[in-house]
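I have placed the structure first, in the form of C-alpha cells, so that the comments after it can refer back to it.
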Amino acid sequence: MQLSELTAITSVDGRYHSKTKHLGHIFSEYGLIKNRLLVELKWLIKLSQQDGIDEVSPLSQKEVDWIMSIYDNFTPEEAQKVKDIEAVTNHDVKAVEYYIKDQLDTNKNLKINKEFVHFACTSEDINNLSYALMLKQARSEAFKPALQQIINTLADMALELADTPMMSKTHGQPASPSTMGKELANVVFRLKYQLKQLDNITLFGKLNGAVGNFNAHYSAYPELDWPQISESFISDLGLTFHPFTTQIEPHDFVAELCHNMIRLNVILVDFSRDVWGYISNGYFTQKTVAGEIGSSTMPHKVNPIDFENAEGNLGLANATLNHLAEKLPVSRWQRDLTDSTVLRALGSAFGHCAIAWASLQKGMGKLAINKETLLNDLDNNWELLAEPIQTVMRRYGIENPYEKLKELTRGHKIDQVQMQAFIATLDIPEDAKARLMKMTPANYLGNAIEQAKKF
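The numbers in our numbering rise by one with no breaks, and the one at position 438 of the sequence shown is 439.
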C-alpha cells in the first residue's frame, strides 16, 4: 500500500496528521537531512575563511551564495537523492557528504574544495548539531506558539470569570469557595513559569571529532586553535559550544528539554481532568457543533472528547519523553549507537504533544460557563461558612469554636436560616457579627478575584 493518512502506522502521521503536519519539515527524515546539509555546508565555508588552512580556496560572496543555494533549494526530491546514495553506502551522514561532493563537481571553481566537506568530522559532529538545530527551530516555531496560545486562551477565560464564584472541592468534598477565574489563573501561572524555563534551556553542540579531543584536527593542522574555531562555528549556528564530550554531545540538554516538556504536559493533564470534572458537574456546558455526534446510541450526549483526547495524547507524549530523558544521557564508554535510533522518536513525542495541545485549544473554545449551577451548588452548602465563623470566634476568645461548628455542621446540611441563627447567638462585637451575617457561600472568596486578575 502507498503511504497515506489512511495507511500510516502511527496516529501521529495518520489520523491526526492535520494536527502534526506543521512539524513535518522539522522532525521528518527530510528535516534531519536538510539540517545535516546545513551543518556540512557551513563547516566548509568556515574552513575556507580560516587563517592557516590555505588548502581551501577562499570563497567569494558569490561562491558562498552558490554553496548555500544547495541548502536553500533542497527539496524532498533532492533528499531522495541522498537516500539513494545511502542505499549504497548504508551510512546516512556519509550519504549527505557524497551528495554535497556531487553538487560541487558541477562547479569548476569549487570542486577543488570537495575533500574538505566533512573535514575532521565524525558523524556525530554533524548529527548532534542537526538535532540541536531541529529542537531550536521546533521550540521557536512550534512549541512556544502553541503553548502561548493555550496560555492566552486560559488568561482570557481567567479574567472573564475572575468574579464567578464556585464551590471548591478538596478530597472531592465541598470546600471553601473560590472563583472559576482564580482556578484558571493557577494554571496560567504554572504554564508561564514552565514556558520561561523552556525558553532558558541552553542548546549545546559539539564539533570535536571521534572522541571529543580534536585528534584528527590537530593531526592535520597542529598549529590552529581548534576549540576556538569550533566554538565560533557553533555559536554562529545559534548554539552553545560544549567543551567536554566523548564522541557524542551528552544529550543532557535534550533530557532537560524533555523533562521541561513533561512538566508542561503534566500541568495540562491536571487541567484537562479538572475541566472534565467541571463539565460533568455542570459548571461548564459545551457548545454544540452542527453534525457532531456525542454517542452512537445516546443522542443527547455532548462528550468532553477534546479534553479526553488531550489527556490521552499527553500521556503518550510523556511516556516517550521520559524514555528519551532517561536514555539519551547514557552512552557506553565513548559512544554506543542506542541514542541514534532513540533520537528519531523526537517527532513522535512532540507529535503527540501537538495533537494534545490542539485538542485542548479546540475544547476550550467550546466551553460556556453555567453560572446558575455554580450558584446553586454554593447555596446548597451553607456549611462552608463554618470555617470563617469559627475563625472569627477564635479571634474573640470564644472557647472551643472549632468543636462547636463541627457539632453544628459535620455530616449535616445547613441552610441560611440555621447558620445565621447560630451567628446571632455569638458573643462577639456587633460589627463582626454584622460582617458574618452578610457573608454567603458565594461571597466568601478571600482575595480570589484579585488573584484571578494578577497572574
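C-beta atoms are modelled at their ideal positions from N, C-alpha and C, and glycine is treated no differently.
One question on the structure: do residue i and residue j come within less than 7 Å of each other, judged by their Cβ atoms?
| i | j | result |
| --- | --- | --- |
| threonine 123 | glutamine 248 | yes |
| tyrosine 31 | proline 77 | yes |
| valine 343 | lysine 363 | no |
| leucine 437 | isoleucine 424 | yes |
| valine 188 | phenylalanine 272 | yes |
| alanine 163 | alanine 359 | no |
| alanine 422 | leucine 379 | no |
| serine 141 | valine 40 | no |
| isoleucine 54 | leucine 48 | yes |
| phenylalanine 75 | lysine 35 | yes |
| asparagine 461 | threonine 286 | Not covered by the structure: residue 461. The range shown for the chain is 2 to 456. |
| histidine 1 | alanine 121 | Examination of residue 1 is not possible in this model, given that the chain is present from 2 through 456 alone. |
| phenylalanine 205 | phenylalanine 144 | no |
| isoleucine 457 | asparagine 314 | Since the first residue shown for the chain is 2 and the last is 456, residue 457 is missing from the structure and cannot be characterised. |
| alanine 346 | cysteine 259 | no |
| leucine 361 | isoleucine 151 | yes |
| lysine 95 | lysine 115 | no |
| threonine 241 | threonine 203 | yes |
Here's the rule: buried if 16 or more other CB atoms are within 10 angstroms of the residue's CB, otherwise exposed. What is residue i?
| i | result |
| --- | --- |
| methionine 181 | buried |
| isoleucine 235 | buried |
| arginine 1 | No information on residue 1 is available, as it lies outside the stretch 2 to 456 that the chain covers here. |
| alanine 88 | exposed |
| histidine 413 | exposed |
| isoleucine 113 | exposed |
| tryptophan 277 | buried |
| aspartate 432 | exposed |
| glycine 447 | exposed |
| glutamine 104 | buried |
| serine 19 | exposed |
| histidine 92 | exposed |
| glutamate 6 | exposed |
| lysine 455 | exposed |
| threonine 410 | buried |
| serine 231 | buried |
Considering residue i, what are the terminal residues of the beta strand (DSSP E) in which it resides?
| i | result |
| --- | --- |
| phenylalanine 285 | 285-287 |
| leucine 368 | 368-370 |
Please name the residue, chosen from the options, that lies closest to residue i on a Cα-to-Cα basis.
| i | options | result |
| --- | --- | --- |
| asparagine 377 | Arg264, Pro166, Glu232 | Pro166 |
| glutamine 149 | Ser332, Asp200, Ser220 | Asp200 |
| serine 349 | Ala176, Leu317, Asn110 | Leu317 |
| aspartate 52 | Leu437, Asn114, Glu224 | Glu224 |
| proline 244 | Asn209, Gln452, Val65 | Asn209 |
| glutamate 388 | Pro402, Asn381, Glu312, Val13 | Pro402 |
| asparagine 153 | Asp164, Lys193, Ile415, Asp73 | Lys193 |
| glutamate 184 | Asp66, Tyr284, Ser61 | Tyr284 |
| alanine 176 | Val418, Leu386, Glu56 | Leu386 |
| proline 178 | Lys455, Phe456, Met440 | Met440 |
| leucine 45 | Ile71, Asp14, Leu60, Val118 | Val118 |
| glutamate 125 | Ser61, Ile86, Gly213 | Gly213 |
| tryptophan 334 | Glu404, Glu250, Met69 | Glu250 |
| threonine 321 | Arg336, Asp307, Cys354, Ser70 | Cys354 |
| tyrosine 445 | Gly398, Leu427, Asn382 | Asn382 |
| glutamate 373 | Lys115, Asn282, Tyr222, Arg37 | Asn282 |
| isoleucine 71 | Val57, Ser58, Glu98, Ser332 | Glu98 |
| glutamine 81 | Glu161, Leu33, Leu265, Leu406 | Leu33 |
| isoleucine 486 | Glu56, Asp85, Val83, Leu38 | What is shown of the chain runs 2 to 456, which leaves residue 486 out entirely. |
Determine which residues share a DSSP beta bridge with residue i and list them.
| i | result |
| --- | --- |
| proline 242 | The sequence shown places phenylalanine at residue 242, rather than the proline named in the question. DSSP output for phenylalanine 242 lists Gly206 as bridge partner(s). |
| methionine 167 | Ser179 |
| glutamine 174 | Thr171 |
With residue i as the anchor, note down where its alpha helix (DSSP H) starts and where it stops.
| i | result |
| --- | --- |
| aspartate 271 | 253-282 |
| arginine 436 | 431-439 |
| arginine 37 | 30-49 |
| glutamate 388 | 387-396 |
| histidine 18 | 18-21 |
| leucine 160 | 145-161 |
| asparagine 310 | 306-328 |
| leucine 105 | 93-105 |
| isoleucine 54 | Counting along the chain, isoleucine 54 falls outside any alpha helix (DSSP H), and DSSP gives it neither H nor E. |
| histidine 218 | 216-221 |
| leucine 7 | Here leucine 7 belongs to no alpha helix (DSSP H), and DSSP marks it neither H nor E. |
| threonine 410 | 402-410 |
| alanine 88 | 77-90 |
| glutamate 64 | 62-73 |
| threonine 426 | Premise fails: threonine 426 is in no alpha helix (DSSP H) and is neither H nor E. |
| serine 233 | 227-237 |
| tyrosine 132 | 124-139 |
| valine 343 | 339-344 |
| alanine 449 | 449-453 |
For residue i, decide whether its Cβ has a neighbour in chain D, counting only Cβ atoms nearer than 7 Å.
| i | result |
| --- | --- |
| asparagine 214 | Although the question refers to chain D, the structure presented lacks it and comprises just one protein chain. |
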